[in-house]
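Mapping of the sequence shown onto numbering that gives the first Met the number 0: residues 0 to 176, in sequence order. Note that the Cβ used here is the ideal one computed from N, Cα and C, for glycine as well. These numbers were taken from a predicted model, which means no experiment stands behind them. Everything below concerns the one structure shown next.
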Amino acid sequence: MPFIASCFLYLNSFYKLVNMSIPIWPRLNFNLDFFSNILYVLNMNIISREIDYSIRILSLLSNIEKATVDEISKILYIPKPFAHKIVNKLVRKNYLISSQGRGGYIEFNKELKTDKISVLDIMKDLDGYKHVNLCTDNPEACELNPYCSFTYHLQKLELCINKALNDLKLKDIIFKI
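Here's what the structure looks like:
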């Protein structure tokens, strides 16, 4: 069985484990909604709004020649001050190249290969690594560790999410305008 399919089946059993009656398998599509569906059902915010907007900006700019921050803000419905903040961060991290001054624009760093950059790479680079729960990072931090089997399930879930995010490359989610 392919790894991703086993993750779906595991997620289904995970929902039953936590008494949720929403089946995940019919809700999942192999598109941008994939992670939103997982996180919606789990009620987790592994992908922050800043990361979401960053990925959208990179997806857009990897498909067009150049754009201003105002254009990016309008096209992607991102508040302008937030778009400026994110673009500045992406420029500092070398994902984007900025042309300053009157008529300045932003463009995707063409030295980067969209088939090599994963969503997980972007998340780690911009926001640091996020764990599903404290116990998946450091099981000894929890007093219930010797008795609790929930940590094992959360670690397995985190592995599935990380594998899926690592397999999703920027080229797979490029905005088509």
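Is the beta carbon of residue i less than 8 Å from the beta carbon of residue j?
i	j	result
ASN53	LEU75	Per the sequence shown, the amino acid found at residue 53 is Ser instead of Asn. Against a cut-off of 8 Å, the Cβ pair of LEU75 and SER53 comes out as no contact.
CYS134	LEU153	yes
ILE173	SER58	yes
LYS92	ASP114	no
ILE121	ILE85	no
ASP136	ILE50	no
Rank the options by C-alpha distance to the C-alpha of residue i and give the top, closest one.
i	options	result
VAL118	ASN144, ILE85, ASN161	ASN161
SER97	LEU153, ARG48, LYS65, CYS147	LYS65
ARG48	PHE81, GLU70, THR150	PHE81
GLU70	GLU106, ILE46, ILE45	GLU106
Which value, in whole angstroms, describes the spacing of the CA atoms of residue i and residue j?
i	j	result
ILE63	TYR146	54 Å
ILE116	ASN108	12 Å
HIS83	VAL68	6 Å
VAL131	GLY102	43 Å
ASN165	GLN99	33 Å
ASP78	ILE45	According to the sequence as given, residue 78 is Pro; it is not Asp. If I take the Cα positions, the gap works out to 21 Å.
Report back the beta-carbon spacing between residue i and residue j to the nearest angstrom; my notes put them in contact at under 8 Å.
i	j	result
LEU111	TYR94	7 Å
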